[in-house]
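Participant: Here it is, the structure, as structure tokens.
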Amino acid sequence: MNPNETLTLALSKGRIFDETLPLLRAAGIEVLEDPQTSRRLILPTNRPGVRVVLVRATDVPTYVEHGGADLGVCGKDTLIEHAAAWGGAHVGLLEPLDLGIARCRMSVAVPADFDYARAVRQGARLRVATKYVAIAREFFAAKGVHVDLIKLYGSMELAPLTGLADAIVDLVSTGNTLKANQLVEVERIMDISARLVVRPTALKAKGERIRPLLHALAVALAPAS
Ligand code: PRT
Ligand code: MG
Numbered sequence: 001m002n003p004n005e006t007l008t009l010a011l012s013k014g015r016i017f018d019e020t021l022p023l024l025r026a027a028g029i030e031v032l033e034d035p036q037t038s039r040r041l042i043l044p045t046n047r048p049g050v051r052v053v054l055v056r057a058t059d060v061p062t063y064v065e066h067g068g069a070d071l072g073v074c075g076k077d078t079l080i081e082h083a084a085a086w087g088g089a090h091v092g093l094l095e096p097l098d099l100g101i102a103r104c105r106m107s108v109a110v111p112a113d114f115d116y117a118r119a120v121r122q123g124a125r126l127r128v129a130t131k132y133v134a135i136a137r138e139f140f141a142a143k144g145v146h147v148d149l150i151k152l153y154g155s156m157e158l159a160p161l162t163g164l165a166d167a168i169v170d171l172v173s174t175g176n177t178l179k180a181n182q183l184v185e186v187e188r189i190m191d192i193s194a195r196l197v198v199r200p201t202a203l204k205a206k207g208e209r210i211r212p213l214l215h216a217l218a219v220a221l222a223p224a225s
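Numbering (UniProt numbering), first residue to last: 1 to 225.
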């Protein structure tokens, strides 16, 4: 099939894939292979000309922006950090739908025995470990708290336990991970959910295919009345 006629949707394995599947199904799209059992990175669907590509969650905006995919699903956290990585410069992505899936919150957490409120009141300089440097920088700057940000790529929870940091900024959903590591949530920075993103040039070139899909997804999201 002519690549100009193919619609490519970028998803990441795990919760984004799992939670997007029912929405696609409601929009009439069945993904024909299971990423748990298949090693393929390009998955066919029941719709000729619609395919899914599996990429790292943090690579979804890049794939969509640069034409590796036409649409994608990724967390608002990822979108904010992606935009900031480019100096807040214009990122060529439209965000037409909040899919309301993969919900969680971005929070500040500290060891249970650390008096965060007191440290902030006293104007202490906090060492904060996070994967979400842009969100953390913006949040503490707005609060007028001085921070040394320590960029990590995973297991943020470990940082305060080893003395690497005083606090972390991370995603929280059930709170079980924090609890298991004797950390407590002391600030809720923002609520997070996954968004559908589209490249504007794809919408222009393939609008007759993309718009009905956006519409069907929006209908699937609408609360049943
Ligand atoms: O895992 P990988 O390094 O490949 O990439 P990723 O972590 O970016 O991907 P993935 O699939 O883990 O997350 C994709 C998106 O899901 C994120 O960008 C968020 O928008 C969203 N999401 C929703 C979450 C969570 N909930 C979540 N709980 N992403 C991560 N977590 C982690 C959190 O970082 C912490 O380690 O789960 C842990 C906390 O969970 P609770 O339930 O113990 O509070
Ligand atoms: Mg993860």
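In this text, a Cβ means the ideal position worked out from N, Cα and C, and glycines have one as well.
1. Taking 7 Å as the cut-off, does the CB of N181 come closer than this to any heavy atom belonging to the ligand PRT?
2. Using the Cα positions of P111 and V219, report the straight-line distance between them to the nearest angstrom.
3. Under a Cβ-count criterion, where at least 16 other Cβ atoms within 10 Å of its own Cβ denotes burial, should M156 be classed as buried or exposed?
4. Assess, as a yes-or-no matter, whether the segment 165-174 is touched by the segment 126-139 under the definition of 3 or more beta carbon pairs within less than 8 Å.
5. Taking the beta strand (DSSP E) that R209 falls in, what are its first and last residues?
6. Just tell me which of D77, R195, V108, L149 has its CA closest to the CA of E19.
7. Nearer than 7 Å: is that true of the beta carbon of L203 relative to any heavy atom of the ligand PRT?
8. Assign G123 to buried or exposed, taking buried as 16 or more other Cβ atoms, counted over all protein chains shown, within 10 Å of its Cβ.
9. Just the C-alpha distance for V60 and K151, rounded to the nearest angstrom, thanks.
10. So K143 is in the alpha helix (DSSP H); what residue range does that whole segment cover?
11. For V53, does the three-state DSSP call read helix, strand or coil?
Facilitator: To lay it out plainly:
1. no
2. 43 Å
3. buried
4. yes
5. R209 -> not in any beta strand (DSSP E); alpha helix (DSSP H) instead, spanning 207-221.
6. R195
7. no
8. exposed
9. 20 Å
10. 133-143
11. strand
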